[in-house]
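Remarks on the structure that follows.
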Amino acid sequence: MGRLADKNILITGGNSGIGLAAAQEFDREGARVAICGLNERSLQAAKETLGAGSLAVRADVSKLPDLDTMFATIKREFGHLDGVFVNAGYSEFLLFEDV
């Protein structure tokens, strides 16, 4: 087993890009991985690349009710968290002259 055996890790924005790559690495190191993101389809596709003990939760981390539901789900499924990889982000694209 890897260095993270028996650890429970949450990766926000774990359904694509850097977040998914981090989730896959934590999974390879033996962690039970929970990922969250906005898009249900990409969450399920990402979950399929992770171990059987992984968890995918649709949540907008900028909304407190979503956070409450996400953490309740993680607590029910994992019991506790050992670490969080905060990767979710938000961006707004504007024309340079509007900045």
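Here the sequence shown stands for residues 40 to 138, where the numbers follow our numbering.
Even glycine gets a Cβ: it sits at the ideal position worked out from N, Cα and C.
{"query": "beta-carbon Glu131 near the ligand NAD non-hydrogen atom, thresh 7 Å", "result": "Although the ligand NAD was asked about, the structure shown includes no ligands whatsoever."}
{"query": "Range of the contiguous alpha helix (DSSP H) that encloses Phe110", "result": "Leu103 to Phe117"}
{"query": "Of the residues Gly52, Glu68 and Lys102, the one placed nearest Cys75, counting alpha carbons only", "result": "Gly52"}
{"query": "Delimiting residues of the beta strand (DSSP E) encompassing Ala95", "result": "Leu94 to Arg97"}
{"query": "CA nearest to the CA of Lys114, picked from Leu49, Glu68 and Gly58", "result": "Leu49"}
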